[in-house]
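Input: a single structure, listed below in structure tokens.
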Amino acid sequence: MDRGNGPDDDFTAAVTVVLEALRPGEVMAYEEVAAEAGYPGAARAVGNLLRRTPGLPWWRVVTSTGRLVPGGEAEQAARLRAEGVVIRSGRVVR
DNA sequence: TATCTGACGATAG
DNA sequence: CCTATCGCCAGAT
Numbered sequence: 005m006d007r008g009n010g011p012d013d014d015f016t017a018a019v020t021v022v023l024e025a026l027r028p029g030e031v032m033a034y035e036e037v038a039a040e041a042g043y044p045g046a047a048r049a050v051g052n053l054l055r056r057t058p059g060l061p062w063w064r065v066v067t068s069t070g071r072l073v074p075g076g077e078a079e080q081a082a083r084l085r086a087e088g089v090v091i092r093s094g095r096v097v098r
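The opening position of the first sequence corresponds to residue 5 in our numbering, with each subsequent residue numbered one higher.
Put into structure tokens, the structure is as follows:
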């Protein structure tokens, strides 16, 4: 309904859909999520959204180089390993 | 409308 | 491998 004064729910919804489509063990890069959501180049915006929006599988999103997120890489690594993702030196092995 | 911030990406040193 | 800088985008103030 009314959403004239709030943020672009379109962007949030699109990113959320992409993240919900991810299955356990599958990892995507911020840039990939942004492009898949219809906002290529908005990798930073995706990162911000993941950080500000609880309920999203933030641990399944890594940087373009496979590097884990700062500030919680230990936790992210544990979650990914629990889902079958192999991690090497703080990076996701694909 | 302007300005700053930030779970990014790529390039340079 | 590391840090530094620029370019990009959306959100917040």
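For every residue, glycine included, the Cβ atom is placed at its ideal position computed from N, Cα and C.
- Between the beta-carbon of residue 65 and that of residue 54 there is about 6 angstroms, and that keeps the pair under the 8 angstroms contact cut.
- When the five nearest sequence neighbours on each side are left out, the beta carbons in the same chain lying within less than 6 angstroms of the beta carbon of residue 68 are those of 33, 35, in order along the chain.
- If you check the CB distance, residue 84 and residue 60 do not come in under 7 angstroms.
- With a 10 Å radius around the Cβ and a threshold of 16 neighbouring Cβ atoms, residue 89 comes out buried.
- Unbroken alpha helix (DSSP H) runs of no fewer than 4 residues, entirely contained in the region 12-62, are found at 13-25, 34-41, 47-56, following chain order.
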